[in-house]
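A short write-up of the structure that comes next.
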Amino acid sequence: MRGKLKKLFAAVLAVLLALSFSGCSELTGLDAQALMSPPKTTADREAIYALMGGGVGDVTLVYPKCGDYRSAIISRDLDGCGTSEVVSFCANGDAGGTRLEFFKKNTDGVWNSMARFTSAATQVDKVFFGDLTGDGMDEIIVGWGDPLTATASVSVYYVDGDTIREFSMTTVSYSEILLTDFDSDNIKELFVLQAAQTSGEEIMALGGLYRFDGDQPYVSKTVPLDAAVTRYTSVSFSQVNSWRRAAVLDGVKADGRMLTQVIGYDEASDRLISPLSNEENATDRPTAAAAVSRDVNKDGILEIPTAELTINGSETTADSTGYVITWNTYSLQDNTLTPVCTSILNTAENYNLFLPSSEDNYGCQNDTVTRTATFFTYTQIGFNGNYLGREDKFSIRVYTEEDWAEKEQDDEDILLSSSAGRVYVLRILDDSMAESDEKTLQSGFEVLE
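Mature numbering (1 follows the signal peptide of the UniProt record, and there is no 0) puts the sequence shown at residues -25 to -1, 1 to 424.
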């Protein structure tokens, strides 16, 4: 069966290679930004694009760099009328900066500008939509970035009849921002994170929770954050267990190590708490084990990674395969991490593998020459550095597409995946391995995005 699969895979590769030299060559040179430009194939898009250009020609679209909304032209029902308005971003011509413009279609089917705003920022960091005021309509939150000054600021806009107005938040800068609902009242808050800064003006590591009273935003609560974090790589407001949502912040310290902070709401004291934001944070992990929090088992609850060095050596020489990542749920109430599953990352070959359950420890020996990672179980590491009770269980080898296509058939090879010129192949080394464990390996293999 495996031989047939390999033949089929080789045939598919051949077809794909043939197609790469066919009429698709006209796509060569198009980058992601060009492919995201609004198509001029519908009357609506053409009208909006023309309005953005002001009748003087094409415009340079500006795309949000992160978040759920990455388009320069976003359709959204902003006023609850049942039809979509448009939020657009483009370069502000010779004046510099970025132009934000809102459009709405009138009763005659003609698109008109609702409002136009400009920012000195050259980058749109992210865009959110959420009801911050409790009036049932979404506000528009825009994070502005300036790569030259490495600064970021936030603006909030709201619908006022047939126009759009801006809340006054000119003094609010951030390292990261999140849309939250800590007290579960269905009215969103804006959680603004500021990493510590010692160069230039000294800035404390702080999280500020903004609420909106009428048209006046104010800081409702603050919470100290870990002062060692210099930047955030992943932030979300997520379910951390079956009954609680919290802000989960994966950050990087000055020495390159990572850690996770969890910010939650304590009802009894009516304050934000951050039990992991201290020097004894159990999630502190080295650069080589740079995993970020995510829902690994797709149960709707975010898991938080911790890392354990499994090779006999120092962290300075270990690569990512020298660590077992444990994925945990977290309880704010008693500040405990509960293991859910484990995995081993191979960042050099761009994959993560979730491990079968075992009473013994798992380890990995990575051969970068043959591109083969051998996974084994062991009872403990002896004084001489050997793994006591070591049993090799399986291996994953990475081939180029060309080498895999030319390789002789072998029924012991199990094709896991093919991505970006790499072919990932599993081989079972322990004949006594349970069939369920083999299935776990196949379903638990993932190519990193």
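Here a beta-carbon is modelled for each residue, glycine too, at the ideal position from N, C-alpha and C.
Fair warning: this is a prediction, and the values are worked out from it, not measured in the lab.
Check your understanding: Counting Cβ pairs closer than 8 Å, one from the region 372 to 388 and one from the region 351 to 362, do we hit at least three?
Key -> No contact exists between the region 372 to 388 and the region 351 to 362.
Check your understanding: Under the DSSP definition of a beta bridge, which residues are partnered with proline 39?
Key -> Beta-bridge pairing by DSSP links proline 39 to no other residue.
**Study point:** Close Cβ partners of serine -1 (< 6 Å) along its chain, the five nearest in sequence each way excluded
**Key:** Note that serine -1 scores a pLDDT of 28, beneath 50, so its modelled location is shaky; the value from the coordinates is reported in the next line. Closer than 6 Å at the Cβ level, and outside the excluded window around serine -1, lies no residue.
Exercise for review: With DSSP as the reference, label alanine 90 as helix, strand or coil.
Suggested key: strand
**Study point:** Minimum length 3: unbroken beta strand (DSSP E) runs contained in the region 346 to 394
**Key:** 347 to 353, 366 to 375 and 389 to 394
Point to revise | Start-to-end residues for the alpha helix (DSSP H) that takes in methionine 27 | key: 18 to 28
Review point. How many Å lie between serine 418 and serine 128 at the Cα?
Key: 42 Å
Practice item. Report the rounded CA-to-CA distance for tyrosine 185 versus phenylalanine 78, giving the unit in angstroms. Key: 28 Å
Point to revise | DSSP bridge partner residues for serine 209 (one or two, in chain order) | key: Asp225
Exercise for review: Could you check the C-alpha separation between valine 85 and glycine 55 for me, to the nearest Å?
Suggested key: 19 Å
Review point. Mapping DSSP to helix, strand and coil, what is serine 252?
Key: coil
Check your understanding: Can you tell me the Cα-Cα spacing of valine 167 and alanine 348, whole angstroms?
Key -> 42 Å
Practice item. Return the CA-CA distance between glutamate 413 and glycine 297, expressed in angstroms with no decimal places. Key: 22 Å
Exercise for review: Please determine if the region 222 to 229 and the region 237 to 252 are in contact, where contact requires at least 3 C-beta pairs separated by less than 8 Å.
Suggested key: yes
Point to revise | With 16 other Cβ atoms within 10 Å as the buried cut-off, status of glutamine 8 | key: The predicted model places glutamine 8 with a pLDDT of 44, which falls under 50 and marks its position as unreliable; any figure quoted below should be read in that light. It is exposed - the Cβ of glutamine 8 has fewer than 16 other Cβ atoms within 10 Å.
Check your understanding: Is it the case that the Cβ atoms of alanine 170 and serine 148 are separated by a distance below 8 Å?
Key -> no
Check your understanding: What residue from Gly226, Asp245 and Lys273 has the CA that sits closest to asparagine 256's CA?
Key -> Gly226
Practice item. Please classify lysine 273: does DSSP put it in a helix, a strand, or coil? Key: coil
Practice item. Whole angstroms is fine: what's the gap from isoleucine 49's alpha carbon to serine 63's? Key: 6 Å
Check your understanding: By how many angstroms is the C-alpha of leucine 284 removed from the C-alpha of glutamine 191?
Key -> 50 Å
Exercise for review: Just confirm the distance between the C-beta atoms of isoleucine 371 and valine 400, as a whole number of angstroms; I'd bet it's less than 8 Å.
Suggested key: 7 Å
Exercise for review: Would you decide whether proline 39 is buried or exposed? Buried here means 16 or more other CB atoms lie within 10 Å of its CB.
Suggested key: In the assembly as shown, proline 39 is a buried residue. Its beta-carbon has 16 or more other beta-carbons within 10 Å.
Check your understanding: What span of residues does the alpha helix (DSSP H) with serine 411 cover, start to end?
Key -> 410 to 418
Point to revise | Same chain, Cβ closer than 6 Å to leucine 391, neighbours up to 5 away in sequence not counted | key: Tyr399, Leu401 and Phe420
**Study point:** C-beta atoms of tryptophan 119 and aspartate 100 nearer than 8 Å
**Key:** yes
Review point. Hey, quick one: how far does the beta strand (DSSP E) through cysteine 316 stretch, first residue to last?
Key: 311 to 321
Practice item. Can you grab the Cα-Cα spacing for the pair valine 117 / cysteine 65, in whole Å? Key: 14 Å
Check your understanding: Should residue 429 and arginine 260 be called a contact, given that it needs their Cβ atoms to be closer than 8 Å?
Key -> Because the chain here runs from -25 to 424, residue 429 falls outside it and cannot be looked at.
Check your understanding: Roughly how many angstroms lie between the CA atoms of serine 332 and serine 94, to the nearest whole one?
Key -> 53 Å
Exercise for review: Throw me the rounded Cβ distance for the valine 134 and methionine 144 pair, which I believe falls under 8 Å.
Suggested key: At roughly 17 Å, the Cβ-Cβ gap does not stay under 8 Å, so valine 134 and methionine 144 are not in contact.
Check your understanding: Beta carbon of leucine 404: closer than 7 Å to some heavy atom of the ligand SAM?
Key -> Looking for the ligand SAM in the displayed structure turns up nothing, as the structure carries no ligands at all.
Exercise for review: Can you tell me which of the three DSSP states glycine 183 falls into?
Suggested key: In the structure shown, the three-state DSSP call for glycine 183 is strand.
Exercise for review: Assign isoleucine 286 to one of three DSSP states: helix, strand, or coil.
Suggested key: coil
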